[in-house]
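These notes are about the structure you will find just below.
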Amino acid sequence: MRDETKAASLIKQGVTISVGTYDDMKSLNNAMQNIETVLLIAGTDEKNRVRQHQNVVDVARKARIQRIAYTSRALKDPSTLVNRLMEGHFQTEEYIKASGLPHTLFRNVLYMDAIQQFVGGDAVFERGIYVPAGQGRVALALRSEMGEAIANALAETGEGNITYQLTGYESYSFYDVATALTNLSGKLVTYTPAEPAAFEAQLIGRGLPDVVARRITGFITDIANGQEDSISPDLEKLLGRKPTALKIGLTVLYNL
Numbered sequence: 001m002r003d004e005t006k007a008a009s010l011i012k013q014g015v016t017i018s019v020g021t022y023d024d025m026k027s028l029n030n031a032m033q034n035i036e037t038v039l040l041i042a043g044t045d046e047k048n049r050v051r052q053h054q055n056v057v058d059v060a061r062k063a064r065i066q067r068i069a070y071t072s073r074a075l076k077d078p079s080t081l082v083n084r085l086m087e088g089h090f091q092t093e094e095y096i097k098a099s100g101l102p103h104t105l106f107r108n109v110l111y112m113d114a115i116q117q118f119v120g121g122d123a124v125f126e127r128g129i130y131v132p133a134g135q136g137r138v139a140l141a142l143r144s145e146m147g148e149a150i151a152n153a154l155a156e157t158g159e160g161n162i163t164y165q166l167t168g169y170e171s172y173s174f175y176d177v178a179t180a181l182t183n184l185s186g187k188l189v190t191y192t193p194a195e196p197a198a199f200e201a202q203l204i205g206r207g208l209p210d211v212v213a214r215r216i217t218g219f220i221t222d223i224a225n226g227q228e229d230s231i232s233p234d235l236e237k238l239l240g241r242k243p244t245a246l247k248i249g250l251t252v253l254y255n256l
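Residues 1 to 256, numbered by the UniProt record's numbering, are exactly what the sequence shown covers, in order.
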């Protein structure tokens with residue numbers, strides 16, 4: 001944890017907490033003593049994230065951990081990505097593989113939870129959906145279920161190097177999202193495909209920082225280009241049940 005006060009509930013449950021950051025090699029080393037498995041959660045510092053990830057891998061190798069796991073992304077073609085932030089995931093994957101450590105890679109699809117941010121929260125019921133996703137589809141899945149699946153995988157004894165593609169069991173377009181929200185709310189929600197530049201300008205107009213607006217636009221443009229339209233049974237296998245479908249997930253996320 002960077003801030004121990006935010007882990008108060010975990011400490012009460014008997015969880016051992018280490019304080020530090022991916023930039024603090026000493027804290028990483030202290031955290032990895034007598035540890036078998038390290039789960040590296042991707043950082044969000046665009047300029048430094050790959051170096052930070054490498055710090056974690058280097059310390060894990062020095063500490064002789066038995067397995068390192070990483071939360072990557074389920075994308076079809078890294079060479080054609082619009083959202084360049086995603087390149088760091090594949091650079092990190094290669095660094096992990098080169099380290100010689102036994103590893104587990106979790107390639108996660110876009111969180112269903114991100115839909116609200118992309119379409120403007122509850123405002124979607126007044127103005128509809130206006131995003132640059134075209135006809136693109138994505139096998140959305142809830143973040144909580146991905147976390148559960150990852151925990152299940154890491155609780156098992158790992159043998160060899162494994163890559164999981166964590167996706168929903170069905171892919172959806174934003175037309176599907178609009179239809180689901182219409183049916184759930186009783187209000188007509190329409191989807192109008194947008195041009196990327198106009199969409200990014202709209203996000204900035206809502207008060208989002210330029211870097212965040214650019215990142216969201218890149219995410220959605222990659223959906224339009226088919227980057228997220230792949231389906232794998234891995235999430236279902238690790239959960240032991242089918243992942244939550246779009247309509248049920250939106251019911252939870254929008255409290256409908």
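Quick reminder that beta carbons are idealized off the backbone N, C-alpha and C, glycines included.
All values reported here derive from a predicted model rather than from experimental measurement.
Check whether residue 50 and residue 5 have beta carbons under 8 Å apart
Walking along the sequence shown from the start, residue 50 turns up at place 50. Walking along the sequence shown from the start, residue 5 turns up at place 5. Their beta carbons are not under 8 Å apart, which means residue 50 does not touch residue 5 by this criterion.
With contact counted as at least three CB pairs below 8 Å, one residue from each stretch, are the stretch 164-182 and the stretch 113-126 in contact?
Yes, the stretch 164-182 is in contact with the stretch 113-126.
For the beta strand (DSSP E) that contains residue 165, what are its first and last residues?
The count along the sequence shown starts at 1 and reaches residue 165 at position 165. Here the beta strand (DSSP E) through residue 165 covers 162-166.
DSSP-derived helix/strand/coil call for residue 72:
As a first step, residue 72 must be located in the sequence shown, where it is residue number 72. Strand, per DSSP.
C-beta contact flag for residue 111 and residue 53 at 8 Å
To locate residue 111, count along the sequence shown from 1; it is residue 111. To locate residue 53, count along the sequence shown from 1; it is residue 53. Residue 111 is not a Cβ neighbour of residue 53, given a cutoff of 8 Å.
Residue 63 vs residue 165 beta-carbon contact at 8 Å
Within the sequence shown, numbered from 1, the residue matching residue 63 stands at position 63. Within the sequence shown, numbered from 1, the residue matching residue 165 stands at position 165. No, they are not a contact pair.
Alpha carbon of residue 168 to alpha carbon of residue 227, nearest angstrom
Taking the first residue of the sequence shown as 1, we reach residue 168 at position 168. Taking the first residue of the sequence shown as 1, we reach residue 227 at position 227. If you take the alpha carbons of residue 168 and residue 227, they lie about 15 Å apart.
Enumerate, from N- to C-terminal direction, the unbroken alpha helix (DSSP H) stretches of 4 or more residues contained entirely within the stretch 69-151.
Secondary structure remark: continuous alpha helix (DSSP H) runs of at least 4 residues inside the stretch 69-151, in chain order: 87-99, 115-119 and 124-127.
Bounding residues of the alpha helix (DSSP H) (the contiguous stretch that carries residue 250)
Numbered from 1 along the sequence shown, position 250 holds the residue referred to as residue 250. Taken as a continuous stretch (DSSP letters only), the alpha helix (DSSP H) holding residue 250 covers 246-253.
Buried or exposed (CB count within 10 angstroms, at least 16 for buried), residue 150
Position 150 of the sequence shown, counted from the start, is the residue given in the question as residue 150. So residue 150 counts as buried.
Quick check: what's the CA-CA separation for residue 237 versus residue 243?
As a first step, residue 237 must be located in the sequence shown, where it is residue number 237. As a first step, residue 243 must be located in the sequence shown, where it is residue number 243. Going from the Cα of residue 237 to the Cα of residue 243 covers about 10 Å.
If residue 66 sits next to residue 36, beta carbons under 8 Å apart, how far is it from one beta carbon to the other, in whole angstroms?
As a first step, residue 66 is located in the sequence shown; it is residue number 66 there, counting from the start. As a first step, residue 36 is located in the sequence shown; it is residue number 36 there, counting from the start. About 5 Å separates the two Cβ atoms, so the contact holds.
Is the stretch 100-115 touching the stretch 194-204 in the sense that three or more CB pairs, one from each, lie closer than 8 Å?
no
Would you say the stretch 135-142 touches the stretch 209-216, given that touching needs at least three Cβ pairs under 8 Å?
no
Only counting the same chain, and skipping five residues up and downstream in sequence, which positions put a Cβ closer than 8 Å to that of residue 31?
Locating residue 31 in the sequence shown gives position 31, where the first residue counts as 1. If we look at residue 31 and ignore the five residues flanking it on each side, its Cβ neighbours are 18 and 20.
Going by the DSSP bridge assignment, what does residue 173 pair with across the sheet?
Your numbering for residue 173 matches position 173 in the sequence shown. Its beta-bridge partners are 137.
Answer yes or no: do residue 190 and residue 128 have a C-beta to C-beta separation smaller than 8 Å?
Indexing the sequence shown from 1 puts residue 190 at position 190. Indexing the sequence shown from 1 puts residue 128 at position 128. In this structure, residue 128 lies closer than 8 Å to residue 190 by Cβ.
Straight-line Cα distance separating residue 235 from residue 146:
For the purposes of this step, residue 146 is taken as residue 146 along the sequence shown, with counting starting at 1. For the purposes of this step, residue 235 is taken as residue 235 along the sequence shown, with counting starting at 1. Each residue's alpha carbon lies about 7 Å from the other.
For residue 297, name the three-state secondary structure that DSSP assigns.
The requested residue 297 is not part of the displayed model; the chain covers only 1 to 256.
Identity of the residue in 16, 239, 229 and 223 nearest residue 132 by Cα:
As a working mapping, residue 132 is identified with position 132 in the sequence shown. Minimum Cα distance to residue 132 is reached at 223.
Option nearest residue 225 by Cα separation, candidates 79, 247 and 163
Here residue 225 refers to the residue found at position 225 of the sequence shown. Comparing Cα-Cα distances from residue 225 to each of 79, 247 and 163, the minimum goes to 79.
Quick one: using the 10 Å Cβ neighbour count with 16 as the cut-off for buried, is residue 249 buried or exposed?
Taking the sequence shown and counting its residues from 1, the one referred to as residue 249 is at position 249. With 16 or more Cβ atoms within 10 Å of its Cβ, residue 249 is classed as buried.
With distances taken between CB atoms, is the gap from residue 29 to residue 59 smaller than 8 Å?
Indexing the sequence shown from 1 puts residue 29 at position 29. Indexing the sequence shown from 1 puts residue 59 at position 59. Cβ atoms of residue 29 and residue 59: closer than 8 Å.
Can you name the start and end residues of the alpha helix (DSSP H) that residue 203 belongs to?
Position 203 of the sequence shown holds residue 203. Taken as a continuous stretch (DSSP letters only), the alpha helix (DSSP H) holding residue 203 covers 196-205.
Secondary structure of residue 37, DSSP reduced to three states
Stepping through the sequence shown from its first residue, residue 37 is reached at position 37. The answer is strand: DSSP assigns residue 37 an E or B state.
How is the alpha helix (DSSP H) around residue 159 delimited, first residue to last?
Residue numbering aside, residue 159 sits at position 159 when the sequence shown is read from its first letter. First-last for residue 159: undefined, no H or E at that position.
Along the beta strand (DSSP E) that carries residue 193, what are the first and last residues, could you check?
Counted from its first residue, the sequence shown places residue 193 at position 193. From DSSP, the beta strand (DSSP E) with residue 193 extends over 191-193.
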